[in-house]
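Shown next, in structure tokens, is the structure this report addresses.
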Amino acid sequence: MHVTRLTLNDFRSYPEADVRMEPGAVSFIGANGQGKTNLVEAIEYLSRLDSHRVSSDVPLVRAGTERAVVRAEVVRGDRTALLELEIIPGKSNRARINRGDLPRVRDLVGVLRTVTFSPGDLDLVKGDPSDRRHFLDALLVLRTPRLAGVKADYDRVLRQRNTLLKSAGRRRNVEVATLDIWDENLARLGGELVAQRLTLLDDLGPHLVEAHLRVAAGASANRRDVTAVYRSSTAMDAEERDQHAIAGVLLTEIGRRRGDELDRGISLVGPHRDEVVLSVGDLPAKGYASHGESWSLALALRLASFDLLRSEGDDPVLILDDVFAELDGGRRQQLAELVATAEQVLVTAAVAEDVPAELAGQRFEVRDGGVTRV
Ligand SMILES: Nc1ncnc2c1ncn2[C@@H]1O[C@H](COP(=O)(O)OP(=O)(O)O)[C@@H](O)[C@H]1O
Ligand SMILES: [Mg+2]
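Following numbering that gives the first Met the number 0, the numbering of the sequence shown begins with 0 at its first residue and continues without gaps.
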């Protein structure tokens with residue numbers, strides 16, 4: 000798929016923007032702070048209702064205004080769709096496809112599929128477990144949009160259960176029947192989420208191994224196999240993939256740890272406590288991999304995501320936000336060659352020289368709030 004037109008109103012720094020794009024490589028060049036990331040972030044947000052740099056939608060709306068509108072024309076095969084999202088912090092956002100209102104905003108998730116590379120991707124390797132959980136869940140909902148609902152329900156149950164644990168712990172007075180209901184909800188939704196994450200990792204694994212070999216080929220070759228292994232907060236059979244069986248394991252563990260949970264006032268069992276352990280050869284990447292090796296692994300995770308989505312449908316739109324300046328010559332060249340076959344690649348860079356020749360494509364200059372074809 001590819002985006003043929005992006006229009007913004009009061010999104011980030013843009014009072015207005017209207018950019019027509021072609022398939023293939025599209026590059027946005029401009030000095031820091033001119034609004035390059037803001038443009039590609041709008042596309043990413045439309046795709047996932049989430050972006051690589053926000054946790055709330057307040058900063059997405061131009062300072063001093065109340066609502067932002069992002070619109071994109073998206074071509075998939077021989078069909079074109081107009082996707083629209085109105086972002087109104089503090090109220091419900093609204094989404095439309097081809098001018099028809101969607102019953103729920105989250106129905107927009109995954110209609111446009113994107114994979115974004117950004118300098119922050121190093122955190123996939125070096126960061127906290129939450130960075131890797133976020134990676135998995137973001138890919139999960141693009142691949143299977145229905146799971147956006149499961150994830151949202153899980154997060155809500157978790158918040159409400161934590162509130163209950165806190166107040167019950169303080170009063171030392173637990174309404175056991177109430178807590179039981181939350182336990183069951185947490186285990187049921189958690190079981191589905193864990194089962195889906197495990198299946199995703201099973202399917203991503205071969206793509207990850209292959210992507211890592213290809214990325215590392217351009218660097219001082221590191222040909223040891225890379226693995227991504229799920230580590231559950233419970234003693235779960237590593238081969239289990241059945242959501243009901245996993246829910247059962249979670250529920251047992253939740254029961255066992257209730258005392259701890261009341262003492263601490265938080266939920267200690269469930270997918271929000273799980274981790275993905277990345278290893279290269281026999282060593283865990285975190286704490287062992289060098290800077291360059293960590294980059295290879297981070298790029299491989301993104302490339303593998305792209306390959307997996309591509310293998311199950313059409314190409315997602317690739318976004319490379321300011322990554323080339325971060326990479327050494329070998330990885331830069333390797334990445335450029337690997338992504339050059341994508342149906343559309345949106346690249347941002349401070350200077351045109353940072354963009355490898357394969358990806359120069361259609362070029363825009365971003366300056367003083369303007370986006371101009373050059
Ligand atoms: N909600 C907002 N309202 C107004 N300006 C914003 C908003 N969010 C970000 N900006 C501005 O956008 C600019 C950063 O744009 P960005 O796309 O990140 O730049 P770059 O070209 O370096 O990628 C900054 O000047 C920042 O102040
Ligand atoms: Mg930027």
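Here a beta-carbon is modelled for each residue, glycine too, at the ideal position from N, C-alpha and C. As the structure is a prediction and not an experimental result, all values here were calculated from the model.
For the alpha helix (DSSP H) containing His133, list its first residue and its last residue.
Per DSSP, His133 is one residue of the alpha helix (DSSP H) stretching across Pro128 to Arg142.
Can you give me the C-alpha to C-alpha distance between Gln195 and Arg301, rounded to a whole angstrom?
Using only the alpha carbons, I get a separation of about 19 Å.
Top-ranked residue by Cα proximity to Val73, from Asp56, Leu107 and Thr177
That would be Leu107, whose Cα lies nearest to the Cα of Val73.
Buried or exposed for Leu139, please, with buried defined as at least 16 other CB atoms from any protein chain shown within 10 angstroms of its CB.
Flag for Leu139 reads buried.
Taking the alpha carbon of Ser55 as the reference point, which residue from Asp77, Gly63, Ile86 and Arg366 has its own alpha carbon closest?
Of the candidates Asp77, Gly63, Ile86 and Arg366, the residue whose Cα lies closest to the Cα of Ser55 is Ile86.
Who are Pro283's beta bridge partners in DSSP?
According to DSSP, Pro283 bridges with Ser278.
Could you spell out the range, first to last residue, of the beta strand (DSSP E) harbouring Asn8?
That run of the beta strand (DSSP E) goes His1 to Phe10.
To the nearest angstrom, report how far apart Glu40 and Ala234 are at their CA atoms.
Cα to Cα, the separation comes out at about 39 Å.
Beta-carbon contacts of Pro100 that lie in its chain and below 8 Å, excluding the five residues immediately before and after:
For the record, residue 100 in the displayed sequence is Asp; it is not Pro. Once the five neighbours on either side are set aside, the close Cβ partners of Asp100 are Arg93 and Ala94.
Locate the beta strand (DSSP E) running through Ala67, then write down its first and last residues.
Ala67 to Arg75 is the extent of the beta strand (DSSP E) around Ala67.
For Thr36, which three-state DSSP category applies?
DSSP places Thr36 in the helix class (H, G or I) of the three-state scheme.
For Val228, which residues in the same chain have their Cβ closer than 6 Å to its Cβ, ignoring the five residues on either side in sequence?
These residues qualify, in order along the chain: Val276.
How should Val338 be labelled, buried or exposed, when 16 other C-beta atoms within 10 angstroms of its C-beta is the threshold for buried?
Buried.
Going by DSSP, what residues sit across from Ser26 in a beta bridge?
When beta bridges are read from the DSSP output, Ser26 appears opposite Val346 and Arg362.
Span of the beta strand (DSSP E) around Thr113
Per DSSP, Thr113 belongs to the beta strand (DSSP E) from Thr113 to Phe116.
Where Tyr287 falls, given that 16 or more other Cβ within 10 Å makes a residue buried
With fewer than 16 other beta carbons inside 10 angstroms of its own, Tyr287 counts as exposed.
What are the start and end residues of each continuous alpha helix (DSSP H) run of 4 or more residues lying completely inside the stretch 141-207, in chain order?
Note on the stretch 141-207: whole alpha helix (DSSP H) runs with a minimum of 4 residues are 146-170, in chain order.
Using 8 Å as the threshold, is the C-beta distance between Gly34 and Glu364 below it?
Inclusion of Gly34 and Glu364 in the CB contact set at 8 Å is not warranted, their separation being larger than that value.
Pairing CB atoms from the stretch 58-69 with CB atoms from the stretch 9-18, are three or more of them under 8 Å?
Judged by Cβ distances under 8 Å, the stretch 58-69 makes contact with the stretch 9-18, as three or more pairs qualify.
Taking 8 Å as the threshold, find out whether the stretch 141-161 comes into contact with the stretch 203-215 through three or more Cβ pairs.
No, the stretch 141-161 is not in contact with the stretch 203-215.
Taking just the CA atoms, how far does Gly32 sit from Arg409?
Not covered by the structure: residue 409. The range shown for the chain is 0 to 373.
Which word fits Glu43, buried or exposed, when buried means at least 16 other C-beta atoms lie within 10 angstroms of its C-beta?
Counting of Cβ neighbours within 10 angstroms places Glu43 among the buried residues, the total reaching 16 or more.
Outcome for Leu192 when other beta-carbon atoms lying within 10 angstroms are tallied against a minimum of 16
Residue environment analysis places Leu192 among the buried positions, since at least 16 neighbouring C-beta atoms fall within 10 angstroms of its C-beta.
Classify Leu334 as helix, strand or coil using the three-state DSSP reduction.
DSSP places Leu334 in helix when its eight states are reduced to three.
Distance, Cα to Cα, Ala349 vs Arg366?
When rounded, the separation of the alpha-carbon atoms in Ala349 and Arg366 is 11 Å.
Extent of the continuous beta strand (DSSP E) to which Leu81 belongs
Following the DSSP letters along the chain, one finds Leu81 inside the beta strand (DSSP E) bounded by residues Arg78 to Ile86.
Residue burial classification, Gly368 (beta-carbon count within 10 angstroms, cutoff 16)
Answer is exposed; the Cβ neighbour count stays below 16.
Grab me the residues of Leu200's own chain with a C-beta within less than 6 Å of its C-beta, minus the 5 sequence neighbours each way, in chain order.
Scanning its chain for C-beta atoms nearer than 6 Å, with the 5 sequence neighbours on each side dropped, one finds around Leu200 the residues Ala227 and Tyr229, in chain order.
From which residue to which residue does the alpha helix (DSSP H) around Ile253 run?
Ile253 -> alpha helix (DSSP H) spans Gln242 to Arg255.
Just to confirm, does Gly368 get its C-beta within under 7 Å of one of the non-hydrogen atoms of ligand 1?
Incorrect: Gly368 has no Cβ contact closer than 7 Å to ligand 1.
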